[in-house]
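Student: Below are the structure tokens for one structure; questions will follow.
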Ligand code: NDP
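In the numbering used here, the protein residues as written are 7 to 276.
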């Protein structure tokens, strides 16, 4: 079974090690490769899925919107979010799914984040839209620097969220960081976590983000980007293979890879 990650850049991605571990776990031969693709490369990979030479794919930045536009049928929730992160062939149709929504939900429950408090989403891109769909039913706020973009996301989803100026803290909310802040060690705007009751930080890199460290030091329940990455991977894998592989298999593979990377950096520095 041949699977792929389509995006650019993808060299840093933990998805190949996670999905290879899951394939080995269920005794299925095959591979999952990261492909650094431009628009034409994405469309060529979509053709490979249609012809069956690829069994499915994940899509990452910057191609989730293009995958949404180019698949034959986005499922309803992908249609609401206008972003596709998983492609699978069903009865000859290239179906677009969005398992980032599942990733938010599983990270949320694993971390014991509040189900009653307001949700404060930072950012107004595809990840923010997935967060809004994943947490609907609660009071929602979107904190963004582009207020028009934020309103457009809310309107398209049909959420009842309020738009808030970037950097303004919302009291007693669970903060979801759906921006890239933190991936290169950047902090969230000052004060955003001051009266928060939890954090889900979608950003992840090879080191813990400042927001996750800050929230943990405040004693808040925290889910990090790896929790979410594992959650979305479990569901994508099940869509391709029909197999339910527990999250621990994916997580162990990702953590082993992160450890390997940190050891190789230490050796380089020595
Ligand atoms: P998009 O580029 O579609 O949206 C990013 C959003 O973040 C935009 O609203 C952008 O603002 C905002 N933003 C970016 N930088 C800043 C900044 N310095 N200050 C304020 N706002 C900022 O990306 P996605 O929504 O697809 O992804 C967002 C993040 O979530 C990425 O880092 C991605 O890696 C992560 N992610 C993690 C996943 C996981 O499994 N852990 C899954 C999916 C995403 P503006 O609109 O003004 O440009």
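Beta carbons: idealized from backbone N, C-alpha and C, even for Gly.
Would you mind reading off the limits of the alpha helix (DSSP H) that contains residue 54?
Tutor: Element bounds for residue 54: 45-57.
Student: Since residue 23 sits in a beta bridge, which residues does DSSP pair it with?
Tutor: In DSSP, residue 23 forms no bridge with anything.
Student: May I ask which residues mark the beginning and end of the alpha helix (DSSP H) holding residue 5?
Tutor: Residue 5 is absent from the structure shown; the chain starts at 7 and stops at 276.
Student: Using C-beta distances below 8 Å, list every residue in its chain close to residue 144, excluding the 5 sequence neighbours before and after it, in chain order.
Tutor: 121, 122, 123, 124 and 125
Student: Taking the alpha carbon of residue 113 as the point to measure from, which residue in 159, 239, 245 and 265 has its own alpha carbon closest?
Tutor: 239
Student: Tell me whether residue 91, by its Cβ, gets closer than 8 Å to a heavy atom of the ligand FAD.
Tutor: Among the ligands modelled here, namely the ligand NDP, the ligand FAD does not occur.
Student: Relative to the C-alpha of residue 172, which residue among 189, 161, 163 and 154 is closest?
Tutor: Ranked by Cα distance from residue 172, the first of 189, 161, 163 and 154 is 154.
Student: DSSP on residue 120, reduced to helix/strand/coil?
Tutor: coil
Student: Taking the straight line between their C-alpha atoms, what separation do you get for residue 150 and residue 161?
Tutor: Whole-angstrom Cα-Cα distance: 15 Å.
Student: Do we get a CB-CB distance below 9 Å when we pair residue 215 with the residues of chain D?
Tutor: Note that chain D does not occur in the displayed structure, where there is just one protein chain.
Student: Going along the chain, which residues of its own chain have a beta-carbon closer than 7 Å to the beta-carbon of residue 61, five neighbours each way excluded?
Tutor: 7, 8, 9 and 246
Student: Among 50, 59, 98 and 133, which has the Cα closest to the Cα of residue 86?
Tutor: 133
Student: Cβ atoms of residue 109 and residue 293: under 9 Å apart, would you say?
Tutor: The structure shown does not extend to residue 293, since the chain is modelled only from 7 through 276, so no value can be given for it.
Student: Verify the contact flag: residue 6, CB atom, against every heavy atom of the ligand NDP, threshold strictly below 8 Å.
Tutor: Residue 6 lies beyond the stretch modelled for the chain, which goes from 7 to 276, so this question has no answer here.
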